[in-house]
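Its first residue numbered 920, the sequence shown is counted upward by one per residue in the working numbering. For glycine and all other residues, C-beta sits at the position ideal for the given N, C-alpha and C.
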Amino acid sequence: TFGDMMKITASVAKEAGVPYVYVGKSHLDIANAYYDVRQEGDVILVKGSRGLKMERIIEDFKERHE
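See the structure below:
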């Protein structure tokens, strides 16, 4: 997750049993955190407003995967 308001969402996700929840300080921070723990078959949900420019995370994933 990204942003101060998402800390609550992250807390609820952890309580619900989501196996890996990370609160990042930047787009690159989030991309790096996931890249280090990824496993084959993982599904990633990147959700956010256009104002947060969450596509930066997806772009970073694509650059590393190519």
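Determine the closest residue to residue i out of the options, with distance taken between C-alpha atoms.
i      : options                           : result
Met925 : Ala950, Gly967, Glu982 and His984 : Gly967
Asp979 : Tyr939, Leu971 and Tyr954         : Tyr954
Between the C-alpha atoms of residue i and residue j, what's the straight-line distance to the nearest angstrom?
i      : j      : result
Val956 : Asp923 : 23 Å
Met973 : Asp961 : 19 Å
Exposed or buried, which one is residue i when buried takes at least 16 other CB atoms within 10 Å?
i      : result
Ile949 : buried
His946 : buried
Ile977 : exposed
On the three-state DSSP scale, how would you describe residue i?
i      : result
Gly943 : strand
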